[in-house]
Amino acid sequence: SCSLYGAQGDAPIDESADFLPVTPYGKSKVLAEADLTALADDDFSPTFLRNATAYGMSARLRGDLVVNNLVAYAVDIGEVRMKSDGTPWRPLVHIEDISAAMVATIEAPRDAIHLEAFNVGRTEENYRIREVATMVAEIVPDCTVTFADGAGPDIRNYRVDCDYILEKLPGFEPTWTVAAGIEQLYKAYVEHEVDLDDITGPRLSRIAHIRGSLAEGALDPTLRPVNGDPLAQTPREA
Numbered sequence: 087s088c089s090l091y092g093a094q095g096d097a098p099i100d101e102s103a104d105f106l107p108v109t110p111y112g113k114s115k116v117l118a119e120a121d122l123t124a125l126a127d128d129d130f131s132p133t134f135l136r137n138a139t140a141y142g143m144s145a146r147l148r149g150d151l152v153v154n155n156l157v158a159y160a161v162d163i164g165e166v167r168m169k170s171d172g173t174p175w176r177p178l179v180h181i182e183d184i185s186a187a188m189v190a191t192i193e194a195p196r197d198a199i200h201l202e203a204f205n206v207g208r209t210e211e212n213y214r215i216r217e218v219a220t221m222v223a224e225i226v227p228d229c230t231v232t233f234a235d236g237a238g239p240d241i242r243n244y245r246v247d248c249d250y251i252l253e254k255l256p257g258f259e260p261t262w263t264v265a266a267g268i269e270q271l272y273k274a275y276v277e278h279e280v281d282l283d284d285i286t287g288p289r290l291s292r293i294a295h296i297r298g299s300l301a302e303g304a305l306d307p308t309l310r311p312v313n314g315d316p317l318a319q320t321p322r323e324a
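What follows is the structure, given as structure tokens:
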């Protein structure tokens, strides 16, 4: 995940950039890369796909990802509701392009991927969050951009260069743009009558799902499944 870059400046960064994670999630990615690197040998070739922030329709839709979330608010209440001032940069990538990167990595020769790290996305698909909000307002009819009370800057700020993966993995060719993804989400939300209860509830919001599992006793305080309960690890059915 690109979240391990954390708090960076406004200039694009490549895979050699320092790790400056600002969340436990980002820190966990730094630790995972270090631990997997230590296991590398002639029979095990770790490859680190540092995905940009995902968006787009999928079989396991996430409602708590920024593009998916902003479109849902626009469709349901006519507001593109900003929870920050929208100034931070964020790289964005469609889930289908993430999947394509995984396939290309699996099919690549070992010498192309052994202990390599790749920023997954398109260099030109880095946006300030307020730019994404503006795109949503332009695509979803009859909505406006609004800001939450006291909305300030998000300390997470990174703009990534994704050219290296194109150089090393010629089989990977991302095809989606954020604008096309917003259009896809808008049409799907309208067709399937997705609303904010869906987007913010335990079925589509990871944090809400975890909190629900904790309350039900399906997860212990360390977020491990109780008695190996697989239901604690998968979203509930509608």
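With the numbering used here, letter number 96 in the sequence shown gets 182, and the count goes up by one each step, no holes. Glycine residues also receive a C-beta, built at the ideal position from the N, C-alpha and C atoms. Computed from a predicted structure; not experimentally measured.
Restricting attention to Glu302, Leu255, Ala145, the CA atom closest to the CA of Pro195 is found in Leu255. The criterion of a C-beta distance shorter than 8 angstroms is satisfied by Arg245 and Asp96.
For Asp129, the closest alpha carbon among the candidates Leu201, Asp235, Val222, Thr263 is that of Leu201. Met221 sits in a helix when the DSSP states are folded into three classes. Proximity to Arg214 across Asp235, Val264, Ile251 peaks at Val264, based on C-alpha coordinates. Going by beta carbons, Val226 and Tyr272 fall inside the 8 angstroms limit. Distance check between Thr123 and each of Ile199, Gly267, Tyr141 places Ile199 closest, using alpha-carbon atoms only. With respect to Arg242, Gly172 sits apart: the two C-beta atoms are not nearer than 8 angstroms. For Pro107 against Leu90, the beta-carbon gap comes to about 5 angstroms, under 8 angstroms, which counts as contact. Every beta strand (DSSP E) stretch that sits fully inside the segment 111-195 and reaches 3 residues is listed by chain position as 134-137, 139-141, 165-168, 175-180.
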